[in-house]
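*Asks:*
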Amino acid sequence: MLHHKANLNGYLAYHTSQNLDRTNQDTDRDFFMSAKEAKEYGIIDGIIMNPLKALQPLAAMAESEAKVDSGV
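Under my numbering, the very last position in the sequence shown is 279; numbers go up by exactly one each time.
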């Protein structure tokens, strides 16, 4: 079991760019964080501010962003 925990902590440290000692400490017990803290930690890529926009198909989102960028 400890072998699996060490592997998971290694993956977490690698993908979040955190120190392995920090990930070991943070995963030893329950560790809660806000969305902003999770983004700073590197666990998530972004925070969904508008859930309805997040539900749009990716093509529609890219199209609407292109309109915003072009000033249309």
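Beta carbons: idealized from backbone N, C-alpha and C, even for Gly.
Quick one: using the 10 Å Cβ neighbour count with 16 as the cut-off for buried, is A220 buried or exposed?
*Replies:* As a working mapping, residue 220 is identified with position 13 in the sequence shown. The residue in question, A220, is buried, as its Cβ has 16 or more Cβ neighbours within 10 Å.
*Asks:* Hey, how far is the Cα of T230 from the Cα of N216?
*Replies:* Numbered from 1 along the sequence shown, position 23 holds the residue referred to as residue 230. Numbered from 1 along the sequence shown, position 9 holds the residue referred to as residue 216. In a straight line, the C-alpha of T230 is about 6 Å away from that of N216.
*Asks:* Just list the alpha helix (DSSP H) runs in the segment 213 to 275, keeping only unbroken ones of 4 residues or longer that don't cross its boundaries, in chain order.
*Replies:* Listed in chain order, they are 227 to 235, 242 to 248, 258 to 261.
*Asks:* Have a look at I254 and E270 and give me their C-alpha separation to the nearest angstrom.
*Replies:* Counting from one through the sequence shown, the residue named residue 254 turns up at place 47. Counting from one through the sequence shown, the residue named residue 270 turns up at place 63. I254 and E270: Cα-Cα distance of roughly 20 Å.
*Asks:* Whole angstroms are fine: how far does the CA of T223 sit from the CA of Y248?
*Replies:* Counting from 1 along the sequence shown, the entry for residue 248 is found at position 41. Counting from 1 along the sequence shown, the entry for residue 223 is found at position 16. Cα-Cα distance, rounded: 6 Å.
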